[in-house]
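*Asks:*
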Amino acid sequence: MLLVQHLLNGLLAGAYYLLIALGLSLIFSLGGIVNLAHGAFYAIGAYLAITIGRHLGFGGALLISPVLVGLLGVVIERLLLRRFYKADPSLSLLLTFGLAMVAEQALRMIYGAPPLSWEIPQALRGQFVVADFFYPKYRTLLIAVAVACVAGLWFLLQRTPFGRVVRAGVQNPEMVGALGISLEPYMAAIAFIGIGLAGLAGVMLAPIFNIHPAMGQEIITSAFVVVVIGGLGSFWGVVIAAAIVGVTKGAVTAGGYPQYSEAAIYLLMLLVLLVRPRGLLGERIVRFE
Amino acid sequence: MSQAKGMSRRTIIKGALAGAATTGLAGFPFISYGQSDMIRIGHLTPRTGFLGTLGEYAVQAVDMAVAEINAAGGVLGRKIELLKEDSVNPQTASTKAERMIERDKVAMLIGEISSASGLTIGQVAARTKTLFINTGCNSDELRGKSCNKFMFHIESQNSMYVKTCGRSLLAQGLVKGKKWFSLTADYAFGHDLLRVAKKFMGANGGEFAADKLVPTDVTDFSPLLLEIRNAKPDLVISNLAGNQITAFLKQYAEFGLPFPTAGFGFDTAVAWAAGKGNFSGTWPLVWHHLIDTPATKKFVADFTARYKRPPENQAWGDYNAMKLVAQAMAETKSTDSLKIVEHFEKEAKFPLMKTRDGYFRKADHQMMHEMYTVKGIPAAQLKNDWDIFTSSPPVPGPNEPLEVIATQGDEIECKMA
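Chains as they are written, first to last, in the numbering used here: chain A, 1 to 289; chain B, 1001 to 1417.
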């Protein structure tokens, strides 16, 4: 029974990374930009949630904070990222690395370095207990939100005209341009969605994780590992990889070796890349080869 | 769009970015040469990373102490000039300590929180014969095998934390014949603390159901909480550090586990960050903002007026280290490290905002002073965001020597060169 709980908990832990990794993957697939500042948007989401939550409660923060973070993402995309779509990838790495540092220091200057407090709203406290099985209500909600995001995103990308253009743009932006479609508004929309999802993760995780200026760094490396294992450009690859990474971390911790849980996911990444250099479900994208 | 316009906009953005980057570096050392009438003191502490959250209190407090000293005319007729840097990690800490001593000619060093970094700074202090006051590293090893003539500790050692909290746990009947489940930060401080905690349990007839090492970057404790629930221990013990404790407290409350908790390493800031109703258990502190002495009340009022929030124990450490160094310089009429070391080794008394004065024990340079245990107040009884616990009276009690909570006899492994 304990083993089942650990497996399930690991799967659920993957959901935290998923919200971050999906955005990372989307922005990379369409724009070719590895967004090192993605963790910073997660942190901004958490801090904004506290500011908004003081006036409008948890519900208000949950609705407004991700939208504000998404809009900030659009501003960054329009002002900065779009200049680097066709540039040497190392330039955008430098840019986003710098952005991450600016964001972290800005949070430190505005809110101070000590961690801020924020708790689970009263209505969502408590645990579900069914016979031997046991899980906190709040984490169950977290999973529901992650599943809803995956479903919504899948529908948007696979079943709408918007999604068709985005998918075509990932494979062959020149051809999309030749057909008379400008990808620019699509990039802005993808930045809104991808970065907004990072903000949403920030709001959702703030009540159970530690809220401090460098919190983005804590989650971003795991999210990158998920994207790499899943395969760039692959929607389901990222979803599956998030689950695998979550279960691996949980299993190693539960097995009595929490000190090796971080190393385990890098080893996993190494093994996957040895067997499948493009990741589990990575597609061949000519311009990234 | 004209070329010129495009260029200028790009230039503005570059300028804005550069500006933002520069502001991010605020707190870089301000070095002004040719002011030999100033007494220059180096301050090193982690300002980023998982202990950086505490470092800000250290920096604010030492700034406040220097401002007060200088406003009162300085020391020996000279003003104090503070050089402050982020110590980052053990390697960087020792490099910066060397540079402050050899290039910037600081008279002494104050600060640090990470025991691993404190160790390397201590080595530099010994080699260059420069006084170093450790304000936040707890490992016994720094006062034991790795002690040296130039390193002093206003922060309590792990043994003092364990024995202080242990007294309270003994009184609650949570030790003899009981099973503990412990979580330990996987670095120098945690390993040292676990060793001391095991010794305490062995001596008092308890045992460990499990002890797990937790990397300092772990944010999700859920797999461990499931393990704890399954193990049904009598007490859950935290040997965690910094941000880890906040995440642990939040998630322990989330999982609603019924077992009592306690910890052997603690800072008030991590409890403040846990959120309403999430702080529970029995924890030791070297000082806290609710101590009922005039000096504590004044410090809390002044710090709150200056920084818009009350000080916590790390602020106490750096503020008092600076103040007692100034007092020692005045008493010895010297800024020479060796003279001040000799003064400290005479076990000179210093006021530390508590009911009794403290002194550095000659044997290992550990500050002998009162400590406290605190217990969380239920959410319904909270009056504000800060006063979230009740405190024990000072430990040890008024009729006991201060040394009873420190390492004793054979436990003192320090051999001063």
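Every residue gets a Cβ at the ideal spot worked out from N, C-alpha and C, and that includes glycine.
By the three-class DSSP mapping on this structure, what secondary structure does Ala1209/B have?
*Replies:* Against the second sequence, residue 1209/B aligns to sequence position 209. DSSP places Ala1209/B in strand when its eight states are reduced to three.
*Asks:* Hey, out of Gly10/A, Leu30/A, Leu3/A, Ala131/A, whose CA is closest to Ile190/A's CA?
*Replies:* Locating residue 190/A in the first sequence gives position 190, counting from the first residue. Selected option, being the one with the closest Cα: Leu30/A.
*Asks:* I need the straight-line Cα distance from Ile285/A to Tyr266/A, nearest angstrom please.
*Replies:* Sequence index remark: in the first sequence, residue 285/A carries index 285 (1-based). Sequence index remark: in the first sequence, residue 266/A carries index 266 (1-based). Each residue's alpha carbon lies about 24 Å from the other.
*Asks:* Buried or exposed, going by whether 16 or more other CB atoms sit within 10 Å of the CB of His6/A?
*Replies:* As a working mapping, residue 6/A is identified with position 6 in the first sequence. Classification of His6/A: buried, given that the 10 Å Cβ count is 16 or more.
*Asks:* Going by DSSP, name the residue or residues bridged to His1153/B.
*Replies:* Taking the first residue of the second sequence as 1, we reach residue 1153/B at position 153. For His1153/B, which the question treats as bridged, DSSP gives the partners Asn1134/B, Gln1366/B.
*Asks:* Please classify His1406/B: does DSSP put it in a helix, a strand, or coil?
*Replies:* By one-based count along the second sequence, residue 1406/B stands at place 406. For the sequence presented, residue 1406/B should be read as Ala rather than His. Three-state DSSP puts Ala1406/B in coil, outside helix and strand.
*Asks:* Would you say Phe1050/B touches the ligand SAM, meaning its beta carbon is less than 7 Å from a heavy atom?
*Replies:* Ligands in the displayed structure: none, and consequently the ligand SAM is not present.
*Asks:* If contact is defined by three or more beta carbon pairs under 8 Å, each pair taking one atom from either stretch, is the region 1316-1327 of chain B in contact with the region 1051-1069 of chain B?
*Replies:* Taking 8 Å as the limit for Cβ pairs, the verdict is that the region 1316-1327 of chain B does touch the region 1051-1069 of chain B.
*Asks:* Under the assumption that Glu1331/B contacts Ala1348/B (Cβ atoms under 8 Å), give the Cβ distance between them as a whole number of angstroms.
*Replies:* As a working note, residue 1331/B is residue 331 in the second sequence. As a working note, residue 1348/B is residue 348 in the second sequence. With a Cβ gap of about 7 Å, Glu1331/B and Ala1348/B count as contacting.
*Asks:* Who are the neighbours of Thr253/A on chain B, taking C-beta pairs under 7 Å?
*Replies:* One-based indexing of the first sequence puts residue 253/A at position 253. Those are Pro1223, Leu1224, listed as they occur along chain B.
*Asks:* Consider the Cβ of Pro1394/B: report whether some Cβ of chain A lies at a distance smaller than 8 Å.
*Replies:* Along the second sequence, one-based indexing puts residue 1394/B at 394. No, no contact with chain A.
*Asks:* Since Met1368/B and Tyr1359/B are thought to touch, with beta carbons under 8 Å apart, how far apart are those beta carbons, to the nearest angstrom?
*Replies:* For the purposes of this step, residue 1368/B is taken as residue 368 along the second sequence, with counting starting at 1. For the purposes of this step, residue 1359/B is taken as residue 359 along the second sequence, with counting starting at 1. Indeed, because the Cβ distance is near 6 Å, the residues count as touching under 8 Å.
*Asks:* In chain A, which residues lie with their C-beta within 8 Å of the C-beta of Gly1049/B?
*Replies:* Taking the first residue of the second sequence as 1, we reach residue 1049/B at position 49. Simply Ala214.
*Asks:* Give the secondary structure of Leu200/A by DSSP, where H, G and I count as helix, E and B as strand, and everything else as coil.
*Replies:* Counted from its first residue, the first sequence places residue 200/A at position 200. Of the three classes helix, strand and coil, the one that applies to Leu200/A here is helix, per DSSP.
*Asks:* Using a Cβ-Cβ cut-off of 8 Å, state whether Trp1386/B counts as contacting chain A.
*Replies:* Within the second sequence, residue 1386/B is the residue found at index 386, counting from 1. Not closer than 8 Å to any Cβ of chain A, the Cβ of Trp1386/B fails to qualify, so no.
*Asks:* So what does DSSP say about Gly73/A, is it helix, strand or coil?
*Replies:* As a position in the first sequence, residue 73/A is number 73, starting the count at 1. If DSSP states are grouped into helix, strand and coil, Gly73/A belongs with the helices.
*Asks:* So is Lys1354/B buried or exposed if we call it buried at 16+ other beta carbons inside 10 Å?
*Replies:* Locating residue 1354/B in the second sequence gives position 354, where the first residue counts as 1. Result: buried.
*Asks:* Ser1114/B and Pro1046/B: beta carbons closer than 8 Å?
*Replies:* Locating residue 1114/B in the second sequence gives position 114, counting from the first residue. Locating residue 1046/B in the second sequence gives position 46, counting from the first residue. Yes, they are a contact pair.
*Asks:* Excluding the 5 residues preceding and the 5 following Gln1251/B in the sequence, name in chain order all residues of the same chain whose CB lies nearer than 7 Å to its CB.
*Replies:* In the second sequence, the residue the question calls residue 1251/B occupies position 251. Cβ within range, chain order: Phe1221, Ser1222, Leu1225.
*Asks:* Going by C-alpha distance, which of Glu1227/B, Thr1390/B, Lys1199/B, Asn1158/B is nearest Ala1271/B?
*Replies:* Position 271 of the second sequence holds residue 1271/B. The option with the nearest alpha carbon to Ala1271/B is Thr1390/B.
*Asks:* List, in order along the chain, the chain B residues whose C-beta lies closer than 7 Å to that of Ile208/A?
*Replies:* By one-based count along the first sequence, residue 208/A stands at place 208. Near Ile208/A (Cβ distances below 7 Å), the residues of chain B are Lys1250, Gln1251, Glu1254.
*Asks:* Around the Cβ of Leu1025/B, are there at least 16 other Cβ atoms within 10 angstroms (buried) or fewer (exposed)?
*Replies:* Numbered from its first residue, the second sequence carries residue 1025/B at position 25. Legend: pLDDT at Leu1025/B = 43, less than 50; position of this residue unreliable, value from coordinates given subsequently. Burial call: exposed.
*Asks:* Taking only three categories from DSSP, how would you classify Met1038/B?
*Replies:* Position 38 of the second sequence, counting from 1, holds the residue named residue 1038/B. In the structure shown, Met1038/B sits in coil (DSSP, three-state: anything other than H, G, I, E or B).
*Asks:* Quick check on Gly1376/B: does DSSP put it in helix, strand or coil?
*Replies:* Sequence index remark: in the second sequence, residue 1376/B carries index 376 (1-based). Reduced to three states, the DSSP call for Gly1376/B is strand.
*Asks:* To the nearest angstrom, report how far apart Gly1265/B and Lys1212/B are at their CA atoms.
*Replies:* Position 265 of the second sequence, counted from the start, is the residue given in the question as residue 1265/B. Position 212 of the second sequence, counted from the start, is the residue given in the question as residue 1212/B. Approximately 16 Å between the Cα atoms of the pair.
*Asks:* Give me the Cβ distance between Glu1254/B and Ile120/A, rounded to the nearest whole Å; I'm assuming they're in contact under 8 Å.
*Replies:* Within the second sequence, the letter at position 254 stands for residue 1254/B. Within the first sequence, the letter at position 120 stands for residue 120/A. That pair is a contact at about 6 Å.
*Asks:* Does Ile1012/B come within less than 8 Å of chain A when only Cβ atoms are used?
*Replies:* Counting from 1 along the second sequence, the entry for residue 1012/B is found at position 12. Interpretation of Ile1012/B is limited by its pLDDT of 47, a score under 50 that renders its predicted location unreliable; the figure taken from the coordinates is listed afterwards. Cβ-Cβ to chain A under 8 Å: no for Ile1012/B.
*Asks:* Look at the Cβ atom of Thr259/A, then the Cβ atom of Pro1258/B, and state whether they are nearer than 8 Å.
*Replies:* Locating residue 259/A in the first sequence gives position 259, where the first residue counts as 1. Locating residue 1258/B in the second sequence gives position 258, where the first residue counts as 1. The sequence as given places Gln at residue 259/A; Thr does not occur at that position. Against a cut-off of 8 Å, the Cβ pair of Pro1258/B and Gln259/A comes out as no contact.
*Asks:* Would you identify the three-state DSSP class for Glu1227/B, choosing helix, strand or coil?
*Replies:* The residue given as residue 1227/B occupies position 227 in the second sequence. It is helical.
*Asks:* For Leu157/A, collect the residues of the same chain with a Cβ closer than 8 Å to its Cβ; drop the 5 residues on either side in sequence, then sort them by chain order.
*Replies:* The residue given as residue 157/A occupies position 157 in the first sequence. Excluding residues within five positions, the ones whose Cβ falls inside 8 Å are Gly163, Val166, Arg167, Phe235.
*Asks:* List the residues that DSSP assigns as beta-bridge partners of Asn1239/B.
*Replies:* By 1-based counting over the second sequence, the position of residue 1239/B is 239. Asn1239/B is bridged to Thr1184/B.
*Asks:* List the residues of chain B whose Cβ lies closer than 9 Å to the Cβ of Glu184/A, in chain order.
*Replies:* Position 184 of the first sequence, counting from 1, holds the residue named residue 184/A. Per Cβ cutoff of 9 Å: no residues; Glu184/A is ~15 Å from chain B at best.
*Asks:* With which residues is Trp1283/B paired in a DSSP beta bridge?
*Replies:* As a working note, residue 1283/B is residue 283 in the second sequence. DSSP lists Val1374/B as partners of Trp1283/B.
*Asks:* Below 7 Å on C-beta distance, what does Ile120/A contact in chain B?
*Replies:* Position 120 of the first sequence, counting from 1, holds the residue named residue 120/A. The answer, in chain order, is Glu1254.
*Asks:* Enumerate, from N- to C-terminal direction, the unbroken alpha helix (DSSP H) stretches of 4 or more residues contained entirely within the region 1311-1367 of chain B.
*Replies:* Taking only runs of at least 4 residues, the alpha helix (DSSP H) segments lying wholly in the region 1311-1367 of chain B are 1313-1332, 1337-1345.
*Asks:* Taking just the CA atoms, how far does Met204/A sit from Pro185/A?
*Replies:* For the purposes of this step, residue 185/A is taken as residue 185 along the first sequence, with counting starting at 1. For the purposes of this step, residue 204/A is taken as residue 204 along the first sequence, with counting starting at 1. The straight-line gap from Cα to Cα measures roughly 28 Å.
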